[in-house]
Structure formats: C-alpha cells, structure tokens
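Enquirer:
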Amino acid sequence: MDHVAQAADPHAEIRAEVTKLCARFPGEYWRQVDRDRQYPTSFVQALTEAGYLGALIPEEFGGAGLPLSAAAAILEEIHRSGGNAGACHAQMYIMGTILRHGSAEQKKRYLPKIASGELRLQAFGVTEPTSGTDTTALRTVARREGDNYIVNGQKIWTSRAEHSDLMLLLARTTPRDQVAKKTDGLSTFIVDMKAALGNGLTIRPIRTMMNHNTTEVFFDNMVVPAANLVGQEGRGFRYILDGMNAERLLIASESIGDAKWFIKKAVDYSKERVLFGRPIGQNQGVQFPIARAYAEMRAAEALLLLGLSKFENGESCGEEANMGKMLAADAAWAAGEACIQTHGGFGFAEEYDIERKYREARLYQVAPISTNLVLSYVGEHVLGMPRSY
Ligand SMILES: Cc1cc2nc3c(=O)[nH]c(=O)nc-3n(C[C@H](O)[C@H](O)[C@H](O)COP(=O)(O)OP(=O)(O)OC[C@H]3O[C@@H](n4cnc5c(N)ncnc54)[C@H](O)[C@@H]3O)c2cc1C
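Going from the sequence shown to the working numbering is simple: count from 1 and add 237.
#1: In whole angstroms, what separates the C-alpha of L407 from that of F474?
#2: Helix, strand or coil for Q275? Go by DSSP, reduced to three states.
#3: Closer than 7 Å: is that where the CB of N609 sits relative to any heavy atom of ligand 1?
#4: F455 bridges to which residues according to DSSP?
#5: Would you report the Cα separation of D457 and H338, rounded to the nearest angstrom?
#6: Could you give the first and the last residue of the continuous alpha helix (DSSP H) run that contains F583?
#7: Which first and last residues belong to the alpha helix (DSSP H) in which T608 is found?
#8: Less than 8 Å between the beta carbons of Q391 and R357, yes or no?
#9: Would you list, in sequence order, the uninterrupted beta strand (DSSP E) runs of no fewer than 3 residues that lie entirely inside the stretch 532 to 586?
#10: Note down the Cα distance separating A308 from G480, rounded to an integer number of angstroms.
#11: What is the DSSP secondary structure of M238, reduced to helix, strand or coil?
#12: How do the stretch 516 to 526 and the stretch 342 to 354 stand: do at least 3 beta-carbon pairs fall below 8 Å, yes or no?
#13: For a test of your reading of the model: does the CB of V603 fall under 7 Å from any non-hydrogen atom of ligand 1? Yes or no.
#14: So, for N559: in the same chain, excluding its five sequence neighbours on each side, which residues have a beta-carbon less than 7 Å away from its beta-carbon?
#15: How far does the alpha helix (DSSP H) with S507 in it extend, from its first residue to its last?
#16: Between which two residues does the alpha helix (DSSP H) containing V255 stretch?
#17: Less than 7 Å separating the Cβ of I591 from some heavy atom of ligand 1?
#18: Within 7 Å: the Cβ of Y626 and any heavy atom of ligand 1?
#19: Is the stretch 550 to 557 touching the stretch 310 to 318, taking contact as three or more C-beta pairs under 8 Å?
#20: Give the straight-line distance between the Cα atoms of E470 and R409, rounded to the nearest whole angstrom.
#21: Less than 6 Å between C-beta atoms, sequence neighbours within five positions excluded: which residues of the same chain meet that for A360?
#22: Is I477 near Y601, with beta carbons less than 8 Å apart?
#23: Tell me, which residues are paired with V461 by DSSP?
#24: In chain order, what residues of the same chain lie with their CB nearer than 6 Å to the CB of A575, ignoring the 5 residues before and after it?
#25: State the DSSP-derived secondary structure class of R409, mapped to helix, strand or coil.
#26: At which residue ranges does the stretch 273 to 330 contain complete alpha helix (DSSP H) runs of 4 or more residues, listed in the order of the chain?
#27: Is the beta carbon of T579 sitting closer than 8 Å to the one on Y626?
#28: Please classify H618 as buried or exposed, where buried requires at least 16 neighbouring CB atoms within 10 angstroms.
#29: CA-CA distance, E250 and L258?
#30: Once you ignore the five residues that flank V642 on each side, which residues in its own chain have a CB closer than 7 Å to its CB?
#31: Got a sec, what are the start and stop residues for the alpha helix (DSSP H) L336 sits in?
#32: Taking DSSP's pairing of strands, which residues face L620 in a bridge?
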C-alpha cells in the first residue's frame, strides 16, 4: 500500500523528516486543539523552525528554494500523519504574489522575514459575504489619498487572520462600471495587520465545524501605504489568478494525505476487528469501499503528480490543478466514508480521530474553490462549452 516507489520519489527524505516531526504531535494534541478551537502554535513553530514553511522561497531570500512538488510532499505527509496543515499552509504560497509581482524593495523587505517565520503572511483577503465566488463583484474599496490608500469594506473566511502579521488583500481601486473588463480595476495590497488592528481593522472569529481559525474582517477607513500596493494598480485579479494553480495543487496534496490516513486506519482496523469468527475485512461489503477509495485516491494522485510536473516545467496546468483538486477532495471524502463505516460505532468516538479528520476533510470540496466551479472550468476551458455564468 505504500505505493510511492521510494527509490523513484525525489522527496522521500523530506517525507521521512516530516513524518518524524509529526510524530511529536499525535492524536491527543490535535484532539485538544480541535476541542478548544486553539491555534496549533507549537506545531506551527516546529514546522517553521524546520524551515518547511519557507520551502518555496528562493534561497537568495533565505528560503529553501524547493520545487512545488516538495511543498506538496510536506503538506501530504502532515495530513497522512493525522495532522492538519490548514493552520499554516498559506504561509507557504501566499508569498508567491510578492515573489512574482512585488517590487525589489518589497521582496527584500518581506521575503527573508517570511522565510524565517519572523513575519507570518498567511491571511488571504479575497472572499466577501455578498460576492462569494463572484470575485470581481467584491465591494471592498481602496481609495488613493496622497501616499496612502484608504480601505473600506469587509471580507469573510479570512483564515488565520488572528495569527498573521500580514494580509494579502484584494480590493477594488476603480469602480466596476468604469473599467473595460470587470477583472480590471482590482488591486492587491500587503496589509500590516498588527499596525492596522484597532486602527480601521477589526477581526471577528467564526467558529466552524472544524478547527480552522477562520474569521471575518472589517475595514473602516484602514490606511495602507501606497508603497504596499503589489505590482500595478488595477491588475490585482490577474496576480491572484496566477497563484491559484499552485494553491490548488498544494491543497489537493493535503486531501491525498487525508485519503491515505483514512485508508490505512480502515485497513488496519478491518484486519483486527473479529466478528462472527473472522476479521471484518474479509467481508467484501467492508473491503470493497476501502479498495474503491484507494483506487480513487491513486487516480487523483496521478493527476496531481502530472500537474506538479507541468507546473515545475512552466507548462500550463490549470486542467490538472483543478481536476486534481476536485478528485483528491472526493477521494478523501470516499476514504473518510469507508473509514467511519468500517469502524462502526467507534468511528464516532473522539479518541479514534476519525470524526475529526472527517470534519476536516469535508472543507476541500468547498474551499478554496467549490466543486461546481471546478466543473465549470472544465466545461468551459477544457471542453470548450459555453460559459455557464
Ligand atoms: C473554512 C474556510 C476557510 C476559508 N479560507 C479562506 C481564506 O483564507 N481566504 C479567502 O479569501 N476565502 C476563504 N474561504 C472562502 C472559500 O474560498 C469560499 O467559501 C468558496 O470559494 C465558496 O465561496 P462561497 O462560500 O462564497 O460560496 P458561494 O459563492 O456563495 O457559492 C455557494 C454554492 O453555490 C455554488 N455556485 C456558485 N456559483 C455557481 C455557478 N455559477 N454555477 C454552479 N454553482 C455555483 C458553489 O459551488 C457553492 O456550492 C474559506 C472558506 C471556508 C469555509
């Protein structure tokens, strides 16, 4: 079942190291932070100190300069070990917008500190309560006044905002009715959250079905220096889109890790639990859903690996990133279903960790992009059917 041929896996060493680190944070740790909806501070600290969260930052800025597939391996192993990278995964990839589109001054100022963990850039302010998936309809406005922008509006589902020093914010700088294309007129800003908190920025936590430290944030005449505009004014939507394939490939790798965790747990238990004089795993009714979930996971994983390799070769990988993310999330869910069913009543007991992982795995059919929107992408951009929205 340990299907990745270790000799052929360029990240076998990283995987082994991450697994060792995760062993210091067993089920009891995750159960406790989940129960109290706490931030997993010591886990995030350990990952930071080991340099994993700076994996994608080039060495010249103090990071490890690793390829995307290495970051995917790190996140997959965290989830395969029973943990949850949702508390910090964005520290790995949000910085990509600064790396690709930021000024030399912004890169010098922020990237080394993000690489060391001195600064956390893991809040991503895109989604709003009214516009949702219809991103270009967002209502948060940044108005230029001298050397500053004045920001007013609201975001929702801004995860990790209370545990972040910086936020990457998408706001409208030119009204939608004054731009040629609705994707124009949106701009991206680096917000110093510590300075803004209480000075125009308010954060309100949202308690959700899993421990995700998500929030809603409100901007009331929040001042952002013009020097914190990333790239050109009005081109922010493209900058955000540029980072989406990487994000989807990384989130898909977490779902693959979840699926592997569920499958291993289900297989082990199905061999141990003896009823009617034989292990329950001997019954096809128990065996087949696990085998099916495994097959689905392997298919999703193959697509994910293809997407990662295309990404690293600079080829377009929107098809693989979107479909890989959808299929990986589906495979994790199928594996979660098989796992909980295999465990019967024990699947519902907190101490088995299954119900926690089950709640956590469900998110990825909605965020960072919902299944319907992936299917719309495939229909329109891959198959050439008419745009549905
Ligand atoms: C725990 C959590 C953490 C998150 N973290 C962040 C974050 O850090 N930063 C951030 O910016 N966002 C974040 N999000 C937001 C997430 O990306 C959105 O929830 C997701 O993109 C769906 O948008 P929505 O919730 O507004 O749903 P809506 O856009 O309101 O959609 C509702 C439903 O309608 C469907 N739908 C909408 N339009 C169409 C259409 N045209 N065709 C078919 N179906 C359609 C959708 O698929 C969905 O199922 C997070 C969300 C959650 C729940």
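C-beta atoms are modelled at their ideal positions from N, C-alpha and C, and glycine is treated no differently.
Expert: Considering the structure as presented:
#1: Position 170 of the sequence shown, counted from the start, is the residue given in the question as residue 407. Position 237 of the sequence shown, counted from the start, is the residue given in the question as residue 474. Each residue's Cα considered, the two are about 8 Å apart.
#2: Looking up residue 275 in the sequence shown gives position 38. It is coil, neither helix nor strand.
#3: Taking the sequence shown and counting its residues from 1, the one referred to as residue 609 is at position 372. N609 Cβ: within cutoff of ligand 1.
#4: Counting from one through the sequence shown, the residue named residue 455 turns up at place 218. Answer is Q391, T439.
#5: Sequence index remark: in the sequence shown, residue 457 carries index 220 (1-based). Sequence index remark: in the sequence shown, residue 338 carries index 101 (1-based). Taking the straight line joining both Cα atoms gives about 27 Å.
#6: Your numbering for residue 583 matches position 346 in the sequence shown. Careful: F583 lies outside any alpha helix (DSSP H) and carries neither H nor E.
#7: Stepping through the sequence shown from its first residue, residue 608 is reached at position 371. 608 to 614 is the extent of the alpha helix (DSSP H) around T608.
#8: Position 154 of the sequence shown holds residue 391. Position 120 of the sequence shown holds residue 357. Result no, Cβ atoms of Q391 and R357 do not sit closer than 8 Å.
#9: none
#10: For this step, residue 308 is matched to residue 71 along the sequence shown. For this step, residue 480 is matched to residue 243 along the sequence shown. Spanning the two alpha carbons is a distance of roughly 14 Å.
#11: Numbered from its first residue, the sequence shown carries residue 238 at position 1. Model confidence at M238 stands at a pLDDT of 48, short of 50, so the residue's coordinates are unreliable and nothing is read from them.
#12: no
#13: Taking the first residue of the sequence shown as 1, we reach residue 603 at position 366. Under cutoff, so the answer is yes.
#14: Indexing the sequence shown from 1 puts residue 559 at position 322. These residues qualify, in order along the chain: R485, V611, Y614, V615.
#15: Position 270 of the sequence shown, counted from the start, is the residue given in the question as residue 507. Run containing S507: 473 to 509, per the alpha helix (DSSP H) assignment.
#16: Residue mapping note: residue 255 aligns to position 18 of the sequence shown, counting from 1. That run of the alpha helix (DSSP H) goes 249 to 260.
#17: Position 354 of the sequence shown, counted from the start, is the residue given in the question as residue 591. Incorrect: I591 has no Cβ contact closer than 7 Å to ligand 1.
#18: Taking the first residue of the sequence shown as position 1, residue 626 is located at position 389. Yes, the Cβ of Y626 comes within 7 Å of a heavy atom of ligand 1.
#19: no
#20: Translated into the one-based positions of the sequence shown, residue 470 becomes position 233. Translated into the one-based positions of the sequence shown, residue 409 becomes position 172. Each residue's alpha carbon lies about 9 Å from the other.
#21: Along the sequence shown, read from residue 1 onward, the residue named residue 360 stands at position 123. Only T395, R397, A398, S401, M404 meet the Cβ criterion.
#22: The residue you call residue 477 lines up with position 240 of the sequence shown. The residue you call residue 601 lines up with position 364 of the sequence shown. The answer is no: Cβ separation not under 8 Å.
#23: Residue numbering aside, residue 461 sits at position 224 when the sequence shown is read from its first letter. Answer by DSSP bridge pairing, in chain order: Y386.
#24: Here residue 575 refers to the residue found at position 338 when the sequence shown is read from its first residue. A503, P526, I527, A530.
#25: For this step, residue 409 is matched to residue 172 along the sequence shown. Looking at R409 - three-state DSSP - the assignment turns out to be strand.
#26: 278 to 286, 305 to 317, 326 to 330
#27: Working through the sequence shown from its first residue, we reach residue 579 at position 342. Working through the sequence shown from its first residue, we reach residue 626 at position 389. No, these two residues do not count as a Cβ contact at 8 Å.
#28: As a position in the sequence shown, residue 618 is number 381, starting the count at 1. It counts as exposed.
#29: Walking along the sequence shown from the start, residue 250 turns up at place 13. Walking along the sequence shown from the start, residue 258 turns up at place 21. So the alpha carbons of these two residues sit roughly 12 Å apart.
#30: In the structure displayed, the chain extends from 238 to 626; residue 642 sits before or after that span and is not available.
#31: Sequence index remark: in the sequence shown, residue 336 carries index 99 (1-based). Per DSSP, L336 belongs to the alpha helix (DSSP H) from 333 to 338.
#32: Counted from its first residue, the sequence shown places residue 620 at position 383. Paired residue(s): none; L620 is not in a bridge.
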